[in-house]
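Keeping their order, the protein sequence lines are chains C, X, R and V. Just add 245 to wherever you are in the first sequence, counting from 1, and you've got my numbering. Just add 245 to wherever you are in the second sequence, counting from 1, and you've got my numbering. Just add 245 to wherever you are in the third sequence, counting from 1, and you've got my numbering. Just add 245 to wherever you are in the fourth sequence, counting from 1, and you've got my numbering. We put the beta carbon where it would ideally sit given N, CA and C, even for glycine. Take a look at the structure below.
Protein chains: 4
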Amino acid sequence: MAQSVKKVVLAYSGGLDTSIIVRWLQENYGCEIVTFTADIGQGEEVEPARSKALAMGIKPEEIFIEDLREEFVRDYVFPMFRANTIYEGEYLLGTSIARPLIAKRLIEIANETGADAISHGATGKGNDQVRFELGAYALKPGVKVIAPWREWDMNSREALMQYAEKHNIPVDFKKAGKKSPYSMDANLLHISYEGGPLEDPWFEAEEDMWRWSVSPETAPDKPTYVEITFQGGDPVALDGQCMPASAILETLNKLGGANGIGRLDLVENRYVGMKSRGCYETPGGTILLPAHRAIESLTLDREVAHLKDSLMPKYAELVYNGYWWSPERKMMQQMIDASQAFVNGTVRMKLYKGAATVAGRKSDDSLFDARIATFDDDGGAYNQKDAEGFIKLNALRMRIAAVKGR
Amino acid sequence: MAQSVKKVVLAYSGGLDTSIIVRWLQENYGCEIVTFTADIGQGEEVEPARSKALAMGIKPEEIFIEDLREEFVRDYVFPMFRANTIYEGEYLLGTSIARPLIAKRLIEIANETGADAISHGATGKGNDQVRFELGAYALKPGVKVIAPWREWDMNSREALMQYAEKHNIPVDFKKAGKKSPYSMDANLLHISYEGGPLEDPWFEAEEDMWRWSVSPETAPDKPTYVEITFQGGDPVALDGQCMPASAILETLNKLGGANGIGRLDLVENRYVGMKSRGCYETPGGTILLPAHRAIESLTLDREVAHLKDSLMPKYAELVYNGYWWSPERKMMQQMIDASQAFVNGTVRMKLYKGAATVAGRKSDDSLFDARIATFDDDGGAYNQKDAEGFIKLNALRMRIAAVKGR
Amino acid sequence: MAQSVKKVVLAYSGGLDTSIIVRWLQENYGCEIVTFTADIGQGEEVEPARSKALAMGIKPEEIFIEDLREEFVRDYVFPMFRANTIYEGEYLLGTSIARPLIAKRLIEIANETGADAISHGATGKGNDQVRFELGAYALKPGVKVIAPWREWDMNSREALMQYAEKHNIPVDFKKAGKKSPYSMDANLLHISYEGGPLEDPWFEAEEDMWRWSVSPETAPDKPTYVEITFQGGDPVALDGQCMPASAILETLNKLGGANGIGRLDLVENRYVGMKSRGCYETPGGTILLPAHRAIESLTLDREVAHLKDSLMPKYAELVYNGYWWSPERKMMQQMIDASQAFVNGTVRMKLYKGAATVAGRKSDDSLFDARIATFDDDGGAYNQKDAEGFIKLNALRMRIAAVKGR
Amino acid sequence: MAQSVKKVVLAYSGGLDTSIIVRWLQENYGCEIVTFTADIGQGEEVEPARSKALAMGIKPEEIFIEDLREEFVRDYVFPMFRANTIYEGEYLLGTSIARPLIAKRLIEIANETGADAISHGATGKGNDQVRFELGAYALKPGVKVIAPWREWDMNSREALMQYAEKHNIPVDFKKAGKKSPYSMDANLLHISYEGGPLEDPWFEAEEDMWRWSVSPETAPDKPTYVEITFQGGDPVALDGQCMPASAILETLNKLGGANGIGRLDLVENRYVGMKSRGCYETPGGTILLPAHRAIESLTLDREVAHLKDSLMPKYAELVYNGYWWSPERKMMQQMIDASQAFVNGTVRMKLYKGAATVAGRKSDDSLFDARIATFDDDGGAYNQKDAEGFIKLNALRMRIAAVKGR
C-alpha cells in the first residue's frame with residue numbers, strides 16, 4: 246500500500262466483492278475511482294452497476310458501462326479459434342480470452358480519464374490477475390496496479406460480509422443466501438465453475454451445478470443439424486443466414502446447450518504453478534472447434550495444417566498465461582491469419598445428447614480431389630509407380646544405418 | 246518385374262485380393278511363397294487361411310498363422326497412447342499403428358525362412374505401402390519388395406474377378422455378392438471405411454456402414470461408468486480387475502460400441518500427397534484417450550505435459566507416415582516413456598450415447614494440492630504477495646518495449 | 246522418355262554439360278528448345294551462352310540471358326537471412342537459395358514461350374533436382390520435367406566427352422584440361438565444392454581448392470572494420486553508404502574473402518537420404534549472419550527472438566529441401582517478416598584472419614536499457630524484491646513435486 | 246527478514262562480498278552459518294577461504310571446501326554439449342551450467358548439517374539468483390532462501406566498503422585497489438565480464454579486459470591442430486590420449502586461449518526480463534562445439550539430428566533460466582542422451598588466430614557412404630530414377646493446390 250495513487254479504474258461487476266473493493270480503495274488509497282462494467286455475455290444485467298456505483302460516490306461521468314459482446318467474439322474468440330486453440334488438450338480458454346479485452350479497455354479508460362492506476366477483483370492464486378496485469382503493463386507500462394486480494398487480509402467470505410456490514414455496503418441477501426458453492430465466471434464463450442466440492446478431483450459435478458446446458462440424458466431424443474459457413478477461417482453464417490460474430494456464438498450456445506453439448510471437467514495447470522480443477526460449459530465453442538477443423542481439413546495444405554498444429558500448444562499457452570498483448574502472440578497470429586485465406590465453405594454439424602460431430606463439409610476452395618484419391622481407376626491422374634521411388638528415397642537413410650548394423 | 250526373387254513372404258489375409266496376389270506372384274516371379282496371416286483383432290478367423298494357402302501350393306511349413314493381439318496392444322497401441330497421439334487433431338491412427346508390427350513379422354519370417362523379398366496387398370495410392378516398406382527396409386535393408394498393385398494393370402474389381410476366374414481362385418460369391426462398397430481395415434484398435442459414397446465429403450455416412458458400434462440414438466438411455474486404472478501410463482485394470490493389454494482394449498471396445506462411442510468422420514492428408522476421406526470406429530481408444538489425459542492431468546508436471554503436447558503432432562506424423570522403426574521415433578519414445586513413471590491412478594469414465602467423458606480421477610501420485618489451490622484460507626501454503634513480483638518480472642520486457650513506443 | 250514434349254525451357258549455363266543436354270534433348274525428344282542463362286553472381290560471363298546456343302540451333306528469340314543478381318539477393322538471400330537461417334548448425338544454404346529463383350524464371354519463360362516442359366542439368370542424387378522440380382510443379386502444376394541425368398546412361402566424364410565428340414559439341418579443352426576435380430556451384434552468396442578427394446571426410450581440403458578467399462594465414466595482419474546498417478531486418482548500407490542489396494553482398498564478399506572469412510567444411514544430410522561432404526566459401530554471408538543476430542539482440546523482444554530460433558531449423562529445412570514455393574514456407578515468412586519491423590540500427594564487425602566478430606551495435610530502436618541492467622544503483626527502475634515472488638512461483642510446481650517425493 | 250532461520254549454508258567464495266554476507270547474516274539473522282566453497286575451475290585458490298571463514302567465527306566442521314571440477318565437466322558441461330547447446334545463437338552458457346551443481350551441493354550440505362536455509366551472493370537483477378533458488382527449491386522444497394542483495398539497501402561498492410570497515414572485515418586493498426571495472430565469473434568452461442564500460446553496447450571491449458586468451462592478433466602465426474576423440478557423444482581423448490573430462494576441457498582451454506579462440510561479445514536476454522551485455526571467453530567450449538557437431542554429422546541419422554536441432558533452443562532456455570533440476574530438462578536429456586550411442590569417432594580441429602575450424606572427421610560408426618554419394622559411377626547402389634517418384638509425390642499437394650488456382 247506504499248504507492249500513492251491519484252485515480253484508479255476498477256473492473257467493476259456491480260457484485261458484492263467489487264463493491265467492497267470500491268470502499269476498500271476509497272479507505273486505503275483515498276483516491277478517485279472510475280468504474281468499468283462490461284457486458285461480454287456473462288448473462289447478467291450490467292446497467293444496475295450504475296446506481297450501485299453512484300451510491301458509493303462514483304462520479305456519473307466516471308462510470309463506464311459498455312456492451313463489448315461483438316468486439317469480444319470478433320476480435321478475440323474467433324482469432325483464437327483460427328488456431329484450433331485448446332489448452333492442455335481440453336480447455337477451450339473461455340476465461341483466458343476475455344481478460345485481454347478487459348485489460349485493454351481498463352487502460353483506454355485510464356488514458357481517457359487521466360487515471361494512473363487500475364484495479365481488479367482477481368485473487369492472488371489465479372491466472373486472471375496475471376492476464377489483467379500483463380495486459381495492462383504491456384499497454385501502459387507506467388500504470389500502477391492495485392490487486393486488493395493480494396493486499397488485504399480478508400481471506401474468507403465471513404470476513405468480507407463483516408466488512409460489507411461495517412461499511413454499509415448493501416448485500417443482496419437473497420442472492421448471498423443461495424450463494425453457489427462454486428466460484429464462477431461467464432462470458433459469451435463459456436461459464437466456469439471452480440472450488441467447493443470440485444476441489445476433490447474424484448468428485449463428479451452434481452447435475453444442478455451446470456447452468457448453460459441440459460444434461461445429455463435430458464436432451465432431445467432426436468439430433469439437431471446445423472450448417473456453419475466459414476469465410477477466411479471465421480464462421481459467418483448459420484444455416485445459410487449471415488450473422489454478426491456474437492450472434493453466431495450466442496445461437497450456437499443455445500443450440501449446444503439444448504443438446505447437452507459443451508460440458509467439460511478437468512484438472513489444469515495454472516501459470517502460477519499449481520494444479521486446479523475446473524468445470525466448464527462451452528456449448529457454442531464445442532461445436533465450432535470441430536467445425537473449423539473440418540473446413541480446414543478440406544481447404545488447408547497438409548504442411549500448413551501440421552505447422553499450425555505444432556505451434557498450437559504454444560499459442561494456447563500464451564493465451565492461457567495472459568500474453569495476448571505480447572509481441573510473440575501477435576507474431577504468431579500473423580502466421581495463423583495468413584493460413585486462413587482459403588478456409589471457406591460449409592460444415593454440417595450433428596448435435597445430439599452431448600456430442601457435436603461432423604456430418605459433412607464442402608467448399609469451393611477444397612483441395613480434396615476425389616479423382617486422385619479414388620480406389621477406382623483414376624485415368625492416370627496419379628502414377629502409382631511414383632510411390633516406389635518415394636518410399637525408396639525416404640527409406641535410404643534407414644537402410645544405410647541398418648547396413649551399418651544399427 | 247525386372248528383379249529376380251527367390252522366395253517372398255506375403256502378408257496374406259486369406260481373402261480374394263491376397264489370394265490373387267499369391268497366384269500372380271507365382272506366375273510373374275516364379276518364386277517360392279511364404280504366407281503370413283496375423284490375428285491382430287480384425288474380427289475374422291485366421292485359421293481358414295491355412296487351407297487356402299495349401300490349396301494354392303504353399304508348403305505347410307511356410308504357412309505362418311499367428312495371434313499377435315497382445316503384442317499389438319502392449320507394444321504398439323499403448324506406447325502410442327502414452328503420447329496422447331492424434332493425427333491432425335482427430336484421427337487415432339488405428340490403421341497406422343498396426344503396420345509396423347506386420348512389417349516386423351514379415352522380416353523376421355523372411356529371415357527364418359531364408360526369403361529375400363516381402364510382398365503386400367496395399368495399393369500405390371495409400372499410406373500402407375509406405376508403412377510396410379519403410380519398416381521392412383529399416384529392419385532388413387537389402388530386402389526386395391514386391392507391391393503388386395503398383396506393378397500390375399488390374400485397376401478394377403472386374404479385372405480382379407476375371408483374373409480369379411481364369412486362374413481358378415475360389416471366390417466366395419456369397420461374400421463377394423454382398424461386397425461392401427467400402428474399403429475396410431480392422432484390428433483391435435479400430436475399423437476403417439474409405440471409398441464408395443464416402444468420396445463425397447459432404448455425404449453423411451449411412452447408418453448401416455458402421456459395424457462396431459450402435460448409433461448414439463439407439464444406445465442405452467442410461468450411462469455406463471467404467472473405472473480405468475493406469476500404471477506407468479498404461480491401462481492395467483478395468484473396474485479394479487487386472488487384465489492383459491488386449492483384453493482391456495477388447496472390453497473397452499465392447500463397452501464403447503454398446504454406447505455408440507468412437508465413430509469418426511474426417512478428411513485426412515495422406516503422406517503420398519493427397520487428401521482422403523475416411524470413417525473410423527475406435528470405441529476403446531476413444532475412451533482411453535481422455536482417460537489417459539485425465540490421469541496425466543493429476544500426475545504430470547505442467548512443463549512435462551506441455552513439452553509432450555508440443556511434440557505430439559510430430560510423433561503422430563511419424564506414426565502416420567510409417568516411421569515407427571525410425572531412429573527419431575524411437576528417440577522420441579524414450580522421452581515419452583520417461584515421462585510416464587508416475588502416471589498411476591484411476592479414472593472414472595462416463596459412457597453415454599456417443600460421448601466418453603471424465604467423471605473423476607484419483608492417484609497416489611497426484612500433484613494436485615487442494616490445500617494450495619483452494620479459494621479458502623490455505624494456512625499460508627501459498628503467499629499471494631509472490632504473485633506481484635512474478636507478474637512484474639514477466640511483464641518487464643513488454644513494459645520496456647512499451648516505453649520505447651512499441 | 247515416354248512423354249511427348251513440344252517445347253522445353255532448359256536452364257543453360259553455356260558449359261559442356263548443358264550443351265550436351267541441348268543436343269541430347271534434340272536427339273531424344275525432337276522438341277524445340279528455349280535456353281535460359283542467368284547471372285546470379287556466379288562470376289562467369291553469361292553473354293557467351295548466346296552464341297553457343299545459336300550454334301546449336303536455338304532460335305535467337307528463344308535465348309534468354311538475364312542479370313538476376315539484385316532480385317536474387319533482395320528477394321531470396323535477404324528474406325532468408327531475416328530468419329538467421331543455418332542448415333544443420335553450419336550451412337548457410339548458398340546453393341539452395343538460388344534454385345527457387347531459377348525455377349520461377351524457367352516457368353515464367355515457359356509460360357511466355359508456350360513451352361510445356363522444363364529441363365535442368367542436376368543429377369539424380371542431389372538436392373538441386375528436387376529444388377528445381379518442386380518449384381516448377383508448384384508454379385505450373387502441369388509442366389513436364391526432363392532430367393537428363395536421370396534418364397541417360399552416361400555415368401562418367403569420359404562418356405560425356407565421347408558424346409560431345411560424336412555430336413560435334415565444342416569442348417573448351419583448355420578448360421577441360423585443367424578441369425577441377427571438384428563439382429562446383431557459385432552465385433553471389435557462395436561457391437561450393439563437392440566430390441573428388443573431398444569424398445573422404447577425413448581429408449582436409451587443399452589450399453588451392455578455395456577460389457573466393459585467401460587463407461586465414463595469408464590474410465592481412467591487421468583487422469578490417471566494417472559497419473553494416475540494417476533497416477527492417479535487411480542490410481541497407483555499409484560504412485554509412487546506402488547500396489542495393491547485391492552491391493552490399495558483393496562488397497562484403499570482397500572484404501570477407503580478403504580476410505580469409507567464410508570457408509566451411511562439413512558433412513550434410515541431403516534430402517534424398519544420403520550424407521555428403523561439401524566445402525563452401527560464403528564470405529559475405531558469414532559476416533552478415535552474426536551482424537544480423539547482433540542487431541536483433543538489441544531490438545527484438547526476447548520471446549520473439551526465441552520463437553524465431555525455435556522455428557529456424559524447420560525454415561532452414563524447407564529451404565534446403567526445395568520448398569521455397571510451398572505454402573508453409575510462405576506462411577513462416579509472414580511471421581518472420583513481421584518480426585523485423587524494428588530491426589534497425591548499425592553493427593560494427595571486425596574481420597580478421599578468418600573470423601568475423603561483432604565489435605559493437607547501436608540502434609534507435611534498442612530495447613537494451615542500461616539503466617535497468619546496471620550493477621550500479623538504478624534509481625528504482627527495477628525492484629529487486631520482485632525477483633523473490635518471480636522465483637517462488639516459478640518454483641512452485643517443482644516444490645509440490647518434491648514434497649510428494651519425486 | 247521476517248523468516249526465522251536456524252542454520253544457513255552460504256555459497257562462500259572467500260572474497261569481500263560473501264565475507265560481508267557472512268557478517269550481515271550473523272547480524273541480521275543471528276543464525277549459524279555453514280560455508281561452502283567449491284573449486285569449479287575458476288582459477289583461484291579455494292583453500293584460503295578456510296582461514297577467512299574461521300576468522301569470522303565459522304565452526305571448523307562447518308567449513309566445506311571441495312574440488313568439484315571433474316563432476317562439473319562430466320555431469321553438467323558434457324551432457325549439455327551433447328545437445329550442441331547455444332543460447333540465443335551465441336552464448337555457450339558458461340555461467341548457467343555451473344549453478345545447478347552449486348545448488349545441489351548447497352542442499353546436500355544443508356541436509357548433512359541440519360541447516361534449514363541457504364544463501365548466495367547473487368544480485369536481484371540477474372539470472373544466477375534464479376538458477377540457485379530454483380535448484381534449491383526443486384531439491385529441498387521447504388528450504389528457506391536468503392538473498393542478501395535483495396534484502397539489504399547497500400547498492401554501491403562504497404556502501405559495501407563502509408560496511409566492511411565498520412565490521413572489521415579485512416579488505417584486500419591491493420586487490421580492491423586494482424579492482425576490475427567488470428563483474429566477472431569464472432569456471433572451467435568460461436570467464437564472463439559484465440558491467441562498467443560494457444554497458445554501452447557500441448563500445449568494443451578493451452584488449453586488457455580479456456584474461457584467458459591472447460588476442461587473435463598476437464596469437465601464433467602458425468595453426469595448431471588437435472584431434473578430439475568422442476565416445477557416446479562425449480570427448481574422451483585428445484591427440485589419442487585418454488583423459489578425464491576436466492583435463493580435456495582444461496587442455497582445450499589452454500590450446501584455445503593460446504590461439505585467441507573463444508572470445509564472445511553479445512547482448513543477451515535475461516530471464517528476469519531485461520537485456521544485458523556480456524563478454525565471454527570460452528576457449529575449450531568454442532573448440533568442442535563444432536567438433537561435436539562434426540562427429541555427429543558423420544554418425545547421426547538426419548532426422549535425429551534435425552529433431553535435436555529443433556529442440557535445442559528450448560533446452561538452452563531451460564539451462565539458461567535455471568531449470569536444470571526440472572523434470573522437463575531431465576526428460577529432454579533422456580532423449581538427447583539416447584541419440585548419442587553411436588556418436589563415436591575422431592575430429593581434427595584447426596586452431597588459428599581466433600578461429601576453431603573442422604579439418605577432418607572419421608568414425609567407425611559413420612553413416613557417410615561415399616559409394617552412394619559419389620558423383621562417379623556407384624555401381625547401382627542408388628537408383629537415380631527413384632528420385633522422380635520421390636519428387637512427384639512430394640510435389641503432389643502443391644500441384645493440386647496450383648491446379649485449384651492457389
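Which one of the options has the shortest CA to CA distance from residue i?
i, options, result
"X:VAL471", "X:SER460, X:PRO461, X:GLY260 and X:GLY485", "X:GLY485"
"V:VAL291", "V:SER555, V:TYR257, V:ALA343 and V:SER364", "V:TYR257"
"C:LYS520", "C:GLY440, C:MET580 and C:ASN400", "C:GLY440"
In chain order, what residues of the same chain have a beta carbon less than 7 angstroms from the beta carbon of residue i, not counting five sequence neighbours either side?
i, result
"R:SER460", "GLU452 and GLY505"
"R:MET246", "At R:MET246 the pLDDT is 46, less than 50, meaning the model places this residue with poor confidence and gives no usable figure here."
Give every residue of the same chain whose Cβ lies closer than 6 angstroms to the Cβ of residue i, excluding the five residues on either side of it in the sequence, and list them in chain order.
i, result
"C:ASP341", "Here residue 341 of chain C turns out to be Ser, not Asp, going by the sequence shown. Cβ within range, chain order: VAL564 and TYR565."
"V:ASN498", "PRO528 and GLY529"
Is residue i close to chain X? Criterion is C-beta to C-beta, closer than 7 angstroms.
i, result
"R:ARG395", "no"
"C:ARG319", "no"
"R:ASP631", "yes"
"C:ILE636", "yes"
"C:SER584", "no"
Are the CB atoms of residue j and residue i within a distance shorter than 7 angstroms?
i, j, result
"V:GLY369", "R:ALA632", "yes"
"C:TRP447", "X:GLY605", "yes"
"R:ILE645", "X:ASP614", "yes"
"C:LEU405", "C:LEU494", "no"
"R:LYS389", "R:GLN248", "yes"
"V:MET594", "V:ALA600", "no"
"X:GLN579", "X:GLY477", "no"
Can you name the residues that DSSP bridges to residue i?
i, result
"X:PRO480", "X:PHE475"
"R:ASP284", "R:ASP312"
"R:ALA431", "R:ILE436"
"R:GLN486", "R:LEU483"
Less than 7 angstroms between CB atoms is the rule here; does residue i satisfy it with respect to chain R?
i, result
"V:PRO446", "yes"
"V:GLN248", "no"
"C:VAL279", "no"
"C:MET580", "yes"
Please go through the same chain and pick out, in chain order, the residues whose beta-carbon is closer than 8 angstroms to the beta-carbon of residue i, but skip the five residues on each side of it.
i, result
"R:ALA360", "LYS251, LYS252, VAL253, VAL254, GLU277, VAL279 and ILE354"
Are the C-beta atoms of residue i and some chain C residue less than 7 angstroms apart?
i, result
"V:GLY478", "no"
Under a CB-based cut-off of 7 angstroms, is residue i close to chain V?
i, result
"R:TYR332", "no"
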